[in-house]
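In the UniProt record's numbering, the protein residues as written are 1 to 144. Just so it is clear, CB atoms sit at the ideal spot from N, CA and C, and this is done for glycine as well.
Okay, here's the thing in structure tokens:
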């Protein structure tokens, strides 16, 4: 499964670990082994531009997802999943506020972005509970 990671930020983000986590998560979600996924790490200025352009929201955010093919967990065909964009400087602040490591925050955001790509959302409280539990579970199982 081709996973590409492009770091356009100035922060070292352990790309090999993120790729391993995303491969693990795709496998756990039962997706075809040849699905394509891109993860981009960007600075606050670029994230602000993307956030305004695509979400019509001011300022930077932590993670954005851009699905390509409409798929769900268990998809058995090849697909271009899409792009996940993370802002490491926002992630660093969130990690400090949450009291966990920067690498853990990047892992959470990577899986969060992937779950959005495969159709999960958190607009409703029930959806939020399901999605956040799954992202925590995937990261915890990968860390074992």
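Query                                                                                                         : Result
Cα-Cα separation between residue 32 and residue 89, rounded to whole angstroms                                : 32 Å
DSSP beta-bridge partners of residue 65                                                                       : 84
Those runs of the alpha helix (DSSP H) which lie wholly inside the region 91–123 and span at least 4 residues : 102–117
Given 8 Å, three or more beta-carbon pairs between the region 113–130 and the region 96–105                   : no
Residue from 21, 43, 56, 64 whose Cα sits closest to the Cα of residue 136                                    : 21
Where residue 83 falls, given that 16 or more other Cβ within 10 Å makes a residue buried                     : buried
Opposing strand residues paired with residue 5 [DSSP bridges]                                                 : 39
Reduced DSSP category for residue 89 - H, G, I as helix; E, B as strand; rest coil                            : helix
Buried/exposed call for residue 2, threshold 16 Cβ in 10 Å                                                    : exposed
Own chain residues within Cβ distance below 7 Å of residue 91, not counting five before or after              : 62, 102, 105, 106, 109
Own chain, CB closer than 7 Å to residue 75, minus 5 neighbours either side, in chain order                   : 31, 32
Stretch-stretch touch, CB-based, cutoff 8 Å, three pairs: the region 41–58 with the region 4–20               : yes
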